[in-house]
Amino acid sequence: MISAGEFRNGITVEFESGLYTIIDFQHVKPGKGAAFVRSTLKNMESGAVLEKTFRPTEKMSRAHIDRRDLQYLYTDGQMFHFMDVESYEQSEMNAAQIGDNLRFVKENDMIKVLVHNGRVFGIEPPMFAELAITDTEPGFRGDTAQGATKPATVETGATVKVPLFVNTGDVIKIDTRTGEYLGRV
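The sequence shown runs 0 to 184 under numbering that gives the first Met the number 0.
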């Protein structure tokens, strides 16, 4: 059990029969009245964000999330197929469970699957991905003074904003959390 006075960013709790991660919290001590904790919670399954106020002594269960390494095998359009590299056990998830978390993940890449009480509820891709550009328009010299970007399609089909000097066939590094271009490899 964890009290609202012990909240920290990133902690996962069981609240109102769901799993929530604490995105932000603030301990407030008004001039009049009792102190309280104003918090922003994100539902781990649906992604919905909830703002809630708690008394510092309110308690809730801390959720224990297991992260298992799985290898992404392929998709058949409806389902995404994964394999545990230790036991060779295969599992599958639908598009609703995945969301857009696999947009920068190639086949045979390793991912982390989030499990709570034996039930899979989400995935975490690696933080960074190195992908080849399959399609982009050529950048023209003199288009802008500085910092111009253009859209580029990577080998997984996702679109990323890249600088003008990046060409088709280049391999780039991407932050999978934000979809941001980090540099050429």
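The beta-carbon is built from N, C-alpha and C at its ideal position, and this holds for glycine as well. A quick note: this is a predicted structure, and the numbers were derived from the prediction, not measured.
- Taking the C-beta atoms as reference points, Phe81 is found nearer than 9 angstroms to Met92.
- For Gly182, the pairing in a beta bridge is given by DSSP as Lys172.
- Lys160 and Lys149 have their C-alpha atoms spaced approximately 5 angstroms apart.
- In the displayed model, Ile132 falls within a strand according to three-state DSSP.
- Buried is the label assigned to Ala3, since at least 16 other Cβ atoms lie within 10 Å of its Cβ.
- Under the DSSP assignment, Ala151 falls in the beta strand (DSSP E) whose first and last residues are 148-153.
- By a beta-carbon distance limit of 8 angstroms, Val170 contacts Glu129. Their separation comes to about 6 angstroms.
- By the Cβ test, the stretch 6-21 is not in contact with the stretch 65-84, since fewer than three Cβ pairs between them sit closer than 8 angstroms.
- Straight-line spacing of the CA atoms in Met78 and Phe120 works out to 15 angstroms.
- With distances taken between CA atoms, Glu50 lies nearest to Val36 out of Val36, Thr56, Val165.
- By a beta-carbon distance limit of 8 angstroms, Met0 does not contact Met43. Their separation comes to about 19 angstroms.
- Annotation for Gly9: Thr20, Ile21 place their beta carbon closer than 8 angstroms to its own, counting only its chain and skipping 5 residues before and after.
- Between Val12 and Ala62, the beta carbon gap of about 6 angstroms places them in contact (Cβ cut-off 8 angstroms).
- Residue environment for Ala33: exposed (fewer than 16 other C-beta atoms within 10 angstroms of its C-beta).
- Considering only Phe6, Arg7, Gly17, the residue with the shortest C-alpha distance to Asn116 is Gly17.
- If you draw a 10 Å sphere on the C-beta of Val27, you find fewer than 16 other C-beta atoms in it, and that means exposed.
- If only uninterrupted beta strand (DSSP E) runs of at least 3 residues are considered, those enclosed by the stretch 64-122 are 65-74, 78-82, 89-93, 109-115.
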